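Trainee: These protein sequence lines map, in sequence, to chains A and B.
According to the working numbering, the first sequence is numbered sequentially starting from 6.
According to the working numbering, the second sequence is numbered sequentially starting from 38.
Quick one: structure below, then a few questions.
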Amino acid sequence: MAMKTNKAIKISQKHLLGIQDLSINDVNLILDEASNFINLNKSKNKKLDTLRGKTQINLFFEPSTRTQSSFELAGKRLGADVMSMNITNSAIKKGETLIDTAMTLNAMHPDLIVIRHQDSGACNLLSQKVNCAVINAGDGRREHPTQALLDALTIINRKKKIEGLKIAICGDILHSRVARSNIYLLNMLGAEINIVAPTNLMPSDIEKFGVNLFSDMKNGLKNCDIVMMLRLQNERMGSSFLASNREYYEYYGLTQDKLSHAKDDALIMHPGPMNRGIEIDTNLADDINKSVIREQVELGVAVRMACLKIFCK
Amino acid sequence: MKKQYFINANIIDPHNSLNESGGLIINEDGKIEGIGKKVNRNNIPSREKIIDLKDKYIFPGLVDMRVFAGEPGYEYKENFRTLSNAALAGGVTSIVTMPNTDPIIDNVSIVDFLKRRGRDKSKINIFPTAALTKNIEGITMTEFGLLQKKGIIAFTDGIKTIQNTRLMSRIMTSAHDLNSLILQHAEDYELSKGGMINDGIIATKLGLQGIRDIAELIIIERDLTLLENIKCRYHISQISSSKSVETIKRRKQRVKFTCGVSINNLSLNENDIGDFKTFLKLSPPLRTEQDRVSLVQGLNDETINVIVSDHKPEDEESKRLTFAQAATGASGIETLLPLSLELYHNESVKLEIIIKALTSNPAKILKINKGNLTIGNDADFCIVDINKPWIVKKDKLVSKSKNTSIEDKKLQGKVTNTFVKGVELFKL
């Protein structure tokens, strides 16, 4: 991977709303830029002045620990003034619509708005109403582009490539924006993707995205280089999708036994937060030889720094 | 009123199997006195003023079976005056209004109010429906008998479906006894819960929860099974999928009922939703192109009897939201006929069939003497330039709400004049 970003290549999009909108050049541009920040984030002096004088607003309508703090840190390390809106105290709770909030924030002339919202397409709506760049930090079950980018960077960091790898994405695909963004991105980068889930948790027509479907985990993990586990999103499940957590763990929880069907050097990933003992065995999650879950968090900051830098005008 | 003479028109009146060029005479009372090829310049007294329509079309005033009025309760979205003007601009002279107002039309006293408002503020014929159940809660039946005596012509929960099978069978039994017409919106709530658009790849891509076509089919199958045992006047308001068309076609061989389709489902598909266009959040949802083609075919072979506008005015504030939060429905009464004519221009459906589904068929189902050009009846009709090209612009719409599903669409065919009881109430 090139250490110097080719300045001649520009990002094709004004906003980062989803992987669907990005070209392969856009993706490479972001990943190249991000890999430049990995070492910076490990050094003693982590502060740059790339975004000095710029204002970044984090607008999180859904609770988030890692994504919100990751974006906040990324902005601060680049020297931006970062403001995180606390939704529980804001006018939104008093009935203000997203567009009105957007217009209010827009009047404060931010350079970047990072938004997470429970409704799919909320970031698209916001982007139509503001003058600055909008970065999607997760909208409904549609997309979570920076998560997919940091996952790709983590895989590249370990496996040196993505093309030709066999990657299993397992669990609650239906409610997962992480799964959708990863399918788009890993497909674009040439991986072969296995989707492993009970059929009740698979979105309709998902096979049309060019992935292999498995409802048996051992078959789905066979010869995989990467096993990406997803969180069971119990809070989004209104009616009965699953009989019980213990049955789910029995059939779809990642255990040593199931993992043995993947390649010996297979890596375990998880976007967090984890339900230990439901989708993943707690010892496997912490196994430093197999799990790259902490590395994902670490590289997340680098990827978000790259996105903020590239999309900020 | 002076007598009026029109000549050189193409007249289509499916009720009287009339499809010929000729003229129309309206008498001093606003009734039709003469119609057809017999009416020409040679047999009209020369001192009379004759209007030469130069091959424009005359259709009976349209009967739109599914319209949301806004009054009472949602006057800021639409009132009877704006609704009637919008209808006239689209050649619609009779409408069936849905009971989903605030308060709900579910008792005798509110019907009196509604009829009075309708009469005072509107210039078209308004046929109100009442709810099937109190407050459209799907629990207690309304007084079909008493409401009918007040002039209610059909019963429906409008946007809602009777979920309880036992209640539905009792409703049908009452409808049988009282000869009442039931209009059912077919949707199984357990299957459609949280759904916003058609289930499939578009829903998966947009991250929106889908509504499967079987949510509609299950209610249709249930109701038709009941209907085989309890005969009553039963009409499915709107269908949206190939599966529904197939089932209805098959069931019609055994049991008598009718069904309708929204012009939106005949003209658009799920791809039109594009990047979260909330104006295309509809119920039933737009489905695949294959579903759309099946619906057009169903109209052609008369499996589907009626085309409706499903006119549902929503103000800007209800639509400028995320897709999940936005209100459902589109304004469409003004574009019902022009958009239907697209099916004629692209050679999908014969003109007579389209006009039949917009005039005589709904009138027959509702048992009202409208949607025809029979001598002696009120002269409710429209004059249409069926080739006139124009582009839909929401700001030019007459309706108070501008939530059209076909903004910027190029259409061919426009209503140039609309008459109710012989009076010209709209002129382009």
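Glycine included, every Cβ here is placed at the ideal spot set by N, Cα and C.
Every value quoted in this text rests on a predicted model; they were computed, and no experiment measured them.
Leaving out the 5 sequence neighbours to the left and right, which residues in its chain are closer than 8 Å to B/D143 when beta-carbon positions are compared?
Mentor: The residue you call residue 143 of chain B lines up with position 106 of the second sequence. The residues are P136, A167, A168, T170, K171, N172, I173, T179.
Trainee: Does any residue of chain A bring its CB to less than 9 Å from the CB of B/D417?
Mentor: Taking the first residue of the second sequence as position 1, residue 417 of chain B is located at position 380. It does not; no Cβ of chain A falls within 9 Å.
Trainee: Alpha carbon to alpha carbon, what distance is there between B/I189 and A/P150?
Mentor: Taking the first residue of the first sequence as 1, we reach residue 150 of chain A at position 145. Taking the first residue of the second sequence as 1, we reach residue 189 of chain B at position 152. Computed Cα separation, rounded: 55 Å.
Trainee: Could you check what DSSP says for B/E174 in three-state terms: helix, strand or coil?
Mentor: Numbered from its first residue, the second sequence carries residue 174 of chain B at position 137. In the structure shown, B/E174 sits in coil (DSSP, three-state: anything other than H, G, I, E or B).
Trainee: Tell me whether A/N141 is buried or exposed, calling it buried when 16 or more other Cβ atoms sit within 10 Å of its Cβ.
Mentor: If you number the first sequence from 1, residue 141 of chain A lands on position 136. When all chains shown are included, A/N141 counts as buried.
Trainee: Whose Cβ in chain A lies nearer than 7 Å to the Cβ of B/G237?
Mentor: Stepping through the second sequence from its first residue, residue 237 of chain B is reached at position 200. By Cβ distance, chain A contributes S209, D210.
Trainee: Beta-carbon within less than 7 Å of B/I87's beta-carbon, same chain only, minus the 5 sequence neighbours each way: which residues are those?
Mentor: The residue given as residue 87 of chain B occupies position 50 in the second sequence. The answer, listed in chain order, is Y42, I44, R78, I81.
Trainee: What residue range does the beta strand (DSSP E) around A/N217 cover?
Mentor: Along the first sequence, read from residue 1 onward, the residue named residue 217 of chain A stands at position 212. Segment 217–219, the beta strand (DSSP E) holding A/N217.
Trainee: Taking only beta-carbon atoms, is A/E240 less than 9 Å away from chain B?
Mentor: In the first sequence, residue 240 of chain A corresponds to position 235, counting from 1. False, the Cβ-Cβ gap to chain B never drops below 9 Å.
Trainee: Going by the CB atoms, is the gap between B/V421 and B/I63 shorter than 9 Å?
Mentor: If you number the second sequence from 1, residue 63 of chain B lands on position 26. If you number the second sequence from 1, residue 421 of chain B lands on position 384. It is not a contact, given that the beta carbons lie outside the stated cut-off.
Trainee: For a quick check, are the C-beta atoms of A/A127 and B/T359 less than 9 Å apart?
Mentor: Taking the first sequence and counting its residues from 1, the one referred to as residue 127 of chain A is at position 122. Taking the second sequence and counting its residues from 1, the one referred to as residue 359 of chain B is at position 322. Contact: yes.
Trainee: Could you have a look at B/R84 and say whether DSSP puts it in helix, strand or coil?
Mentor: Against the second sequence, residue 84 of chain B aligns to sequence position 47. In this structure, B/R84 counts as coil in the three-state DSSP scheme.
Trainee: Please decide whether B/K242 counts as near chain A, where near means a Cβ-Cβ distance under 9 Å.
Mentor: Taking the first residue of the second sequence as position 1, residue 242 of chain B is located at position 205. Yes, because at least one Cβ of chain A sits closer than 9 Å to the Cβ of B/K242.
Trainee: Should A/Q133 be labelled buried (16 or more other beta-carbon atoms within 10 Å of its own) or exposed?
Mentor: Indexing the first sequence from 1 puts residue 133 of chain A at position 128. With fewer than 16 other Cβ atoms within 10 Å, it is exposed.
Trainee: Does DSSP put A/M233 in a helix, in a strand, or in coil?
Mentor: Counted from its first residue, the first sequence places residue 233 of chain A at position 228. A/M233 falls in the strand class under three-state DSSP.
Trainee: Shortest alpha-carbon distance to A/E67 belongs to which of A/R163, A/R146, A/C312?
Mentor: Here the question's residue 67 of chain A lines up with position 62 in the first sequence. Answer by Cα proximity: A/R146.
Trainee: Which residues share a DSSP beta bridge with B/I270?
Mentor: In the second sequence, the residue the question calls residue 270 of chain B occupies position 233. First, the amino acid is wrong: residue 270 of chain B is Arg here, not Ile. Note: B/R270 sits in a beta bridge opposite B/L218.
Trainee: In the DSSP assignment, find the alpha helix (DSSP H) that holds A/C312 and state where it starts and stops.
Mentor: The residue labelled residue 312 of chain A in the question sits at position 307 within the first sequence. From DSSP, the alpha helix (DSSP H) with A/C312 extends over 298–316.
Trainee: Is A/A248 buried or exposed, if buried means 16 or more other CB atoms sit within 10 Å of its CB?
Mentor: Against the first sequence, residue 248 of chain A aligns to sequence position 243. By the neighbour-count rule (16 or more Cβ atoms within 10 Å), A/A248 is not buried but exposed.
Trainee: Verify whether the separation of the beta carbon atoms of B/G247 and B/I276 is less than 9 Å.
Mentor: Residue 247 of chain B sits at position 210 when you count from the first residue of the second sequence. Residue 276 of chain B sits at position 239 when you count from the first residue of the second sequence. For B/G247 and B/I276, no; Cβs fall outside 9 Å.
Trainee: Determine the chain B residues that contact A/D144 at a beta-carbon separation under 9 Å, and present them in chain order.
Mentor: Translated into positions along the first sequence, residue 144 of chain A becomes position 139. What A/D144 touches in chain B: G244, T359.
Trainee: Could you check if B/R329 is buried or exposed, using at least 16 other CB atoms within 10 Å of its CB as the buried criterion?
Mentor: One-based indexing of the second sequence puts residue 329 of chain B at position 292. When all chains shown are included, B/R329 counts as buried.
Trainee: Is there a C-beta anywhere in chain A that falls below 9 Å from the one on B/E253?
Mentor: As a working note, residue 253 of chain B is residue 216 in the second sequence. Answer no: the Cβ-Cβ gap between B/E253 and chain A never drops below 9 Å.
Trainee: Quick one: list the residues of chain A neighbouring B/Q449, beta-carbon separation under 8 Å, in chain order.
Mentor: The residue given as residue 449 of chain B occupies position 412 in the second sequence. The contacting residues do not exist; B/Q449 stays about 31 Å from chain A at best.
Trainee: On the three-state DSSP scale, how would you describe A/T10?
Mentor: Residue 10 of chain A sits at position 5 when you count from the first residue of the first sequence. Annotation note: pLDDT 49 at A/T10 (below 50); position unreliable, coordinate value reported separately. Coil at A/T10, not helix or strand.
Trainee: Name the residue from B/K93, B/I132, B/K114 whose alpha carbon lies nearest to the alpha carbon of B/N406.
Mentor: Counting from 1 along the second sequence, the entry for residue 406 of chain B is found at position 369. It is B/I132.
Trainee: Under three-state DSSP, which class holds B/V386?
Mentor: Against the second sequence, residue 386 of chain B aligns to sequence position 349. B/V386: coil per DSSP, three-state reduction.
Trainee: Considering just the uninterrupted stretch of the beta strand (DSSP E) at B/L462, what are its terminal residues?
Mentor: Locating residue 462 of chain B in the second sequence gives position 425, where the first residue counts as 1. 460–464 is the extent of the beta strand (DSSP E) around B/L462.
Trainee: Please list, in chain order, the chain B residues whose beta carbon lies closer than 7 Å to that of A/I104.
Mentor: Here residue 104 of chain A is taken as the residue at index 99 of the first sequence, counted from 1. Near A/I104 (Cβ distances below 7 Å), the residues of chain B are R357.
Trainee: Determine, for B/D328, whether the minimum Cβ-Cβ distance to residues of chain A falls below 9 Å.
Mentor: Taking the first residue of the second sequence as position 1, residue 328 of chain B is located at position 291. Output row for B/D328: interface = no.
Trainee: Below 8 Å between beta carbons is the criterion; list the residues of the segment 304–337 of chain B that meet it against any residue of chain A, in chain order.
Mentor: D312, F313
Trainee: Terminal residues of the continuous beta strand (DSSP E) containing A/E197?
Mentor: Here residue 197 of chain A corresponds to residue number 192 of the first sequence, with the count starting at 1. Element bounds for A/E197: 197–201.
Trainee: So is A/M8 buried or exposed if we call it buried at 16+ other beta carbons inside 10 Å?
Mentor: The residue you call residue 8 of chain A lines up with position 3 of the first sequence. Per-residue confidence for A/M8 stands at a pLDDT of 47, beneath the threshold of 50, marking its modelled position as unreliable; no derived number is given.
Trainee: Using a Cβ-Cβ cut-off of 9 Å, state whether B/E354 counts as contacting chain A.
Mentor: What you label residue 354 of chain B is simply residue 317 of the second sequence in a count that begins at 1. The beta carbon of B/E354 falls within 9 Å of a beta carbon belonging to chain A, placing the residue at that interface.
Trainee: Locate the alpha helix (DSSP H) running through B/V104, then write down its first and last residues.
Mentor: Position 67 of the second sequence, counted from the first residue, corresponds to residue 104 of chain B. That residue, B/V104, is in no alpha helix (DSSP H); its beta strand (DSSP E) goes 99–104.
Trainee: Between which two residues does the beta strand (DSSP E) holding B/F418 run?
Mentor: Residue numbering aside, residue 418 of chain B sits at position 381 when the second sequence is read from its first letter. Note, B/F418: beta strand (DSSP E), 418–428.
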